[in-house]
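**Student:** Handing you a structure now.
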Amino acid sequence: MKLTLLLTTATASALALTPALASDYPNRPIELIVPAPAGGGTDNVARMLNQYLEAELGQPVAVLNVAGGGGAIGVNQFSRARSDGYTLLSTWNSPITTVPHMQRVQYSYETLTPITSTSQSAYTLCVAPDFPAESGEEFLAELQANPGRYTYGNDGVGGTMRLAAERIFEAFDITARPIPFGGAGETLQNFLGGHVDIYGGSITPVLPYVEEGQAKCLLVTSADDNEALPQASGLAALGHPELETVLWRMMLGPEGMAEERAEAVADAVARAVEHPEFQAFLAAQGETLNLVRGEELRERLRLETQAIGETLESLGLKQQ
Amino acid sequence: MFESLLNALPVALQFESLISLFVGTLIGILIGALPGLNPVMAIALMLPLTYGFDPIIALGLVAGIYNGSMYGGSIPAILLNIPGTPAAIATTFDGYPMTRKGEGGLALKTACWSSAIGGIVSALALMTLAPMLAKVTLAFGPAEYFWVAVFGLVSIALLVGKDASKGMLCALLGVIIGLVGVDTISGAERFTFDTLYLVGGFELLVVLIGLYAVPPVLEMAEKRNESYFNAESFRVSPGGGALGLLRRHWRTWSRSSLIGVAVGILPGAGGNLAALLSYNEAKRKSSEPESFGTGNPVGIAAAESGNSADNAAAMIPSLTLGIPGNLIAALVLGALMIHGLQPGPQLFTRAPDVVFGFMWQMLLTAMLLLLLGGMVATRLFAQVLRMPSALLVPTTLVLMAVGVYTVNGNVMDLYVMLGFGLLGYLLNRLGFPLAPVVLGVLLGPMAEQNFRLTMLIAQNDWTVLFTRPISLGIVALLAAVLISQLLKTLRQRARSAAHSQQR
Chain A
61 MKLTLLLTTA TASALALTPA LASDYPNRPI ELIVPAPAGG GTDNVARMLN QYLEAELGQP
121 VAVLNVAGGG GAIGVNQFSR ARSDGYTLLS TWNSPITTVP HMQRVQYSYE TLTPITSTSQ
181 SAYTLCVAPD FPAESGEEFL AELQANPGRY TYGNDGVGGT MRLAAERIFE AFDITARPIP
241 FGGAGETLQN FLGGHVDIYG GSITPVLPYV EEGQAKCLLV TSADDNEALP QASGLAALGH
301 PELETVLWRM MLGPEGMAEE RAEAVADAVA RAVEHPEFQA FLAAQGETLN LVRGEELRER
361 LRLETQAIGE TLESLGLKQQ
Chain B
21 MFESLLNALP VALQFESLIS LFVGTLIGIL IGALPGLNPV MAIALMLPLT YGFDPIIALG
81 LVAGIYNGSM YGGSIPAILL NIPGTPAAIA TTFDGYPMTR KGEGGLALKT ACWSSAIGGI
141 VSALALMTLA PMLAKVTLAF GPAEYFWVAV FGLVSIALLV GKDASKGMLC ALLGVIIGLV
201 GVDTISGAER FTFDTLYLVG GFELLVVLIG LYAVPPVLEM AEKRNESYFN AESFRVSPGG
261 GALGLLRRHW RTWSRSSLIG VAVGILPGAG GNLAALLSYN EAKRKSSEPE SFGTGNPVGI
321 AAAESGNSAD NAAAMIPSLT LGIPGNLIAA LVLGALMIHG LQPGPQLFTR APDVVFGFMW
381 QMLLTAMLLL LLGGMVATRL FAQVLRMPSA LLVPTTLVLM AVGVYTVNGN VMDLYVMLGF
441 GLLGYLLNRL GFPLAPVVLG VLLGPMAEQN FRLTMLIAQN DWTVLFTRPI SLGIVALLAA
501 VLISQLLKTL RQRARSAAHS QQR
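So the protein lines, in turn, are chains A and B. Letter by letter, the first sequence follows residues 61 to 380 in my numbering. Letter by letter, the second sequence follows residues 21 to 523 in my numbering.
Here it is as structure tokens:
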């Protein structure tokens with residue numbers, strides 16, 4: 061009896077001490093789960109940021125790649141981690157806002173603790189030089205006038221690029237035939253070889269071909285125009301800024317992570333991204349900085365989850 | 021172009037570059053030789069360490085690890101029947117029987133020379149023909165990829181040998197394993213039994229390690245009390261000089277290297293396909309095809325020069341087009357981008373020293389293999405055979421488990437590896453061949469996906485499979501192979517019938 065009491069008191073006092081210790085956070089190494097394989101785009105950006113983040117946090121951060129299930133396996137594993145702030149997640153948006161519509165997962169944007177977003181990049185739609193359109197508007201008009209005639213290569217069913225394109229096509233009443241490939245590289249190969257009419261994918265791989273005049277990119281899936289692709293229209297210019305669908309990256313904590321700790325990490329990230337080497341690296345990847353924190357970040361996740369859910373439903377891909 | 025090539029030679033011969041090549045090749049051979057540890061992982065983890073240095077150092081390490089691991093994979097394949105990398109599967113067919121016969125030394129030497137030759141031919145193709153071959157890459161659409169996969173599937177018929185029905189069953193089993201997961205065309209889940217783990221399908225490496233590497237370990241454990249290797253197998257003194265090898269294998273080397281390069285320039289096909297196709301082709305062309313699988317060094321020469329010739333050629337689409345041919349090529353592209361070099365057609369003019377320097381490095385590492393592989397690694401690793409099974413079995417299992425775990429960081433993969441290990445062991449015991457299973461896993465999905473992509477693009481008009489010139493070419497080749505094989509079989513039958521009548 062006495063022992064129980066003693067233990068209870070000890071535990072209670074330990075718990076009471078925790079907030080007081082918050083200023084010490086972090087005081088031991090942090091594990092960062094990346095739900096993608098080593099060497100991929102998500103992993104590269106996470107590891108690069110990590111170099112600077114470690115210095116800001118004053119503790120080593122170990123990257124653990126848990127790949128599979130479109131990112132869901134890694135995030136599931138992460139969602140079961142202790143919420144003490146020593147296990148963090150570095151992910152792109154699809155596992156949080158798309159995958160839960162298509163698979164049963166053990167997390168959602170509501171349960172995970174939003175820390176901060178880091179960077180983003182738009183997708184682009186490009187055509188061969190002889191395509192009868194010279195601007196975003198003409199491009200959409202040509203597609204509208206020829207339903208089902210053009211094929212566009214994309215990153216597969218449930219891929220963010222495909223969803224970005226379908227959202228636009230739906231709004232403009234366009235029927236184009238999606239050809240699902242394994243990713244931007246495969247899409248580019250088939251586009252350059254003339255096997256599909258339209259390239260749909262990230263901007264960086266196609267950029268050299270725009271410079272060479274072998275491709276003209278007429279649309280980007282962000283609201284704003286893109287400096288690297290002057291011929292392409294952003295969605296705001298076409299009157300539909302709300303259709304923006306981009307690839308973006310963020311850091312999240314498990315459910316119930318203390319707010320001060322989330323703040324501490326977000327502050328460290330904000331300082332880490334200031335390094336010019338990191339910014340040069342982002343520019344080379346075609347990504348731009350984008351820092352949205354806390355509840356604002358949750359709201360962004362909520363809106364995107366909802367919009368993607370609607371698109372998936374109209375494509376008949378949503379699983380109940 | 022040749023001027024830039026010459027200008028880049030001093031860059032590749034810098035002291036730092038040579039050191040990185042040396043270290044990379046050594047690491048590569050080690051990684052390749054340890055089953056489970058794979059070069060992609062090694063490169064992904066080492067590259068961030070080199071961001072602060074000149075790109076040529078990073079690329080030297082990549083070139084070394086890449087070429088080194090291709091040869092390294094053959095060492096356990098030959099000595100223990102455990103392919104160190106998936107591409108070394110075909111090397112086990114004849115490599116291990118040679119070790120059992122006490123010719124392990126010759127087998128290792130053949131593998132080393134074959135890897136080096138394949139690597140050199142491939143690097144030369146990269147240096148001289150890259151822009152031209154890149155056009156070939158683009159000409160291959162889904163229809164052509166479909167036929168390449170069918171070609172590979174048909175070649176299973178040659179692999180299965182006498183018991184055709186068992187071989188076909190195994191190939192089907194492989195295709196079914198390959199079906200598991202989300203269908204990338206429709207998004208439907210297949211054979212996932214509502215488990216999240218199966219949604220992504222089986223990880224190829226996990227299946228291959230399980231099927232191919234676990235059964236030999238179990239067999240070793242079984243025979244722990246008998247002497248598993250005869251005294252002769254300790255002999256690793258090489259039989260015959262380099263000239264003898266050249267005289268014996270130059271035909272196989274040239275044929276397999278060409279196959280390796282051709283497979284290499286197709287993104288997504290891979291070294292394992294190159295090795296298996298080379299092996300089959302060598303068997304088909306041989307005057308004594310029965311000797312394949314019983315310890316014929318020609319089989320090793322074909323497999324090893326085939327898979328190594330895939331390496332540099334796989335860099336052709338990455339460097340010229342910015343389209344990665346495999347995971348390692350994707351890592352190279354990532355490394356170039358981190359140094360501010362955008363892959364694509366302009367790379368050759370904007371950073372000639374880096375691109376051509378890397379090509380020289382690919383050539384130099386292939387040559388380094390002869391030195392490091394032949395003189396150091398082979399002798400060192402052959403000592404493994406002296407280890408008692410009681411030590412060898414657990415060590416190998418631990419290494420494989422570590423390797424498999426690092427792929428996805430998922431414990432479930434370990435159970436799957438063991439499951440496939442037991443399956444492989446059973447199949448082995450019942451006399452079912454494993455190679456068709458692997459080919460089925462590799463080629464079944466490739467054939468299916470590309471067939472459906474073709475139909476999607478052509479709106480279900482199947483005539484495109486025959487009307488495109490390259491497709492038609494592959495179909496003709498396929499028909500030629502099948503008919504010649506049929507004629508051969510018929511002739512043999514007639515001969516044996518005549519033989520029995522005489523008696």
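All C-beta atoms, glycine included, are put in the ideal place defined by N, C-alpha and C.
If distances are taken between C-alpha atoms only, which option among K303(B), P162(B), V43(B), L434(B) comes closest to H255(A)?
**Tutor:** P162(B)
**Student:** In chain A, what lies closer than 8 Å to P117(B) by C-beta?
**Tutor:** Within 8 Å Cβ-Cβ: nothing; P117(B) doesn't reach chain A, min ~36 Å.
**Student:** Closest to T130(B) by CA distance: which of G52(B), G187(B), M118(B) is it?
**Tutor:** M118(B)
**Student:** Below 7 Å on C-beta distance, what does G129(A) contact in chain B?
**Tutor:** L216, V219, G220
**Student:** Would you mind telling me which residues of chain B sit closer than 7 Å to R142(A), beta carbon to beta carbon, in chain order?
**Tutor:** Per Cβ cutoff of 7 Å: no residues; R142(A) is ~18 Å from chain B at best.
**Student:** Taking only beta carbons into account, state which residues of the segment 56 to 71 of chain B come closer than 9 Å to chain A, listed in chain order.
**Tutor:** Hits within the stretch, in order: V60, M61, I63, A64, L65, L67, P68, Y71.
**Student:** Out of L69(B), L81(B), A62(B), which has the shortest C-alpha to C-alpha gap to F378(B)?
**Tutor:** L81(B)
**Student:** For the alpha helix (DSSP H) that contains Y86(B), what are its first and last residues?
**Tutor:** Per DSSP, the unbroken alpha helix (DSSP H) holding Y86(B) starts and ends at 75 to 92.
**Student:** Please go through the same chain and pick out, in chain order, the residues whose beta-carbon is closer than 6 Å to the beta-carbon of D114(B), but skip the five residues on each side of it.
**Tutor:** G315, N316, G319, I320
**Student:** Between the beta-carbon of T365(A) and the beta-carbon of Y212(A), is there less than 8 Å?
**Tutor:** no
**Student:** Assuming I93(A) contacts M311(A) under a Cβ cut-off of 8 Å, what Cβ separation, rounded to an integer in Å, is found between them?
**Tutor:** Wrong, their Cβ atoms sit about 10 Å apart, outside the cutoff.
**Student:** Would you please state the rounded distance, in angstroms, between the beta carbons of G439(B) and G230(B)? I believe it to be under 8 Å.
**Tutor:** 7 Å
**Student:** When the cut-off is 8 Å and only beta carbons count, does A383(A) lie next to chain B?
**Tutor:** What the structure shows of chain A is the stretch from 61 to 380, and residue 383(A) is not part of that stretch, so it cannot be assessed.
**Student:** Are there 16 or more other CB atoms within 10 angstroms of the CB of A233(B), so buried, or fewer, so exposed?
**Tutor:** buried
**Student:** Just how far apart, CA to CA, sit P309(B) and L506(B)?
**Tutor:** Whole-angstrom Cα-Cα distance: 15 Å.
**Student:** Mind reading off the beta-carbon distance from P95(A) to V135(A)? Whole number of angstroms is fine, and I expect it under 8 Å.
**Tutor:** 5 Å
**Student:** Compare the C-beta of I477(B) with all C-beta atoms of chain A and state if any pair is closer than 8 Å.
**Tutor:** yes
**Student:** Evaluate F35(B) with the Cβ neighbour count: other Cβ atoms within 10 Å of its Cβ, from every protein chain shown; 16 or more gives buried, anything less gives exposed.
**Tutor:** exposed
**Student:** Taking any Cβ of chain B, which residues in the segment 251 to 268 of chain A have a Cβ under 7 Å from it, in chain order?
**Tutor:** Here the close residues are L252, G253, H255, V256, P265, L267, P268.
**Student:** Just tell me which of F42(B), L50(B), L33(B) has its CA closest to the CA of L400(B).
**Tutor:** L50(B)
**Student:** Along chain A, in chain order, which residues have C-beta atoms closer than 7 Å to that of G224(B)?
**Tutor:** Strictly speaking, residue 224(B) in this sequence is Leu, with Gly absent from that position. What L224(B) touches in chain A: nothing, since even the nearest Cβ is about 12 Å away.
**Student:** Report the rounded CA-to-CA distance for H519(B) versus M188(B), giving the unit in angstroms.
**Tutor:** 30 Å
**Student:** Taking CB distances under 8 Å as the criterion, tell me whether V135(A) reaches chain B.
**Tutor:** no
**Student:** Could you check where the beta strand (DSSP E) with L279(A) kicks off and where it finishes?
**Tutor:** 276 to 280
**Student:** Is it the case that the Cβ atoms of P268(A) and P337(B) are separated by a distance below 8 Å?
**Tutor:** Not in contact: P268(A) and P337(B) (Cβ atoms no closer than 8 Å).
**Student:** Return helix, strand or coil for N327(B), following the three-state DSSP convention.
**Tutor:** helix
**Student:** Between the segment 119 to 138 of chain B and the segment 260 to 274 of chain B, can you find at least three pairs of beta-carbon atoms closer than 8 Å?
**Tutor:** With the rule of 3 Cβ pairs closer than 8 Å, the segment 260 to 274 of chain B counts as touching the segment 119 to 138 of chain B.
**Student:** Give a yes or no on whether the C-beta atoms belonging to M387(B) and I39(B) are separated by under 8 Å.
**Tutor:** Against a cut-off of 8 Å, the Cβ pair of I39(B) and M387(B) comes out as no contact.
**Student:** When you compare only the Cα positions, how much space is there between T112(B) and G84(B)?
**Tutor:** 23 Å
**Student:** Who are the near neighbours of L372(A) in its chain, counting only those whose CB is closer than 6 Å to its CB and skipping five residues on each side?
**Tutor:** H161, K378
**Student:** Could you tell me whether the segment 319 to 339 of chain A touches the segment 272 to 288 of chain A, where touching means 3 or more Cβ pairs closer than 8 Å?
**Tutor:** no
**Student:** Compute the Euclidean distance between the alpha carbons of L390(B) and A329(B), then round it to the nearest angstrom.
**Tutor:** 15 Å
**Student:** Under a CB-based cut-off of 8 Å, is N350(A) close to chain B?
**Tutor:** no
**Student:** Can you tell which of L278(B), N327(B), A32(B) has its C-alpha closest to the C-alpha of G52(B)?
**Tutor:** N327(B)
**Student:** Rank Y210(A), S177(A), L298(A) by C-alpha distance to the C-alpha of S195(A) and give the top, closest one.
**Tutor:** L298(A)
**Student:** Going by Cα to Cα distance, which pick from N480(B), A154(B), M432(B) is closest to L339(B)?
**Tutor:** For the options N480(B), A154(B), M432(B), the alpha carbon positioned closest to that of L339(B) is the one of A154(B).
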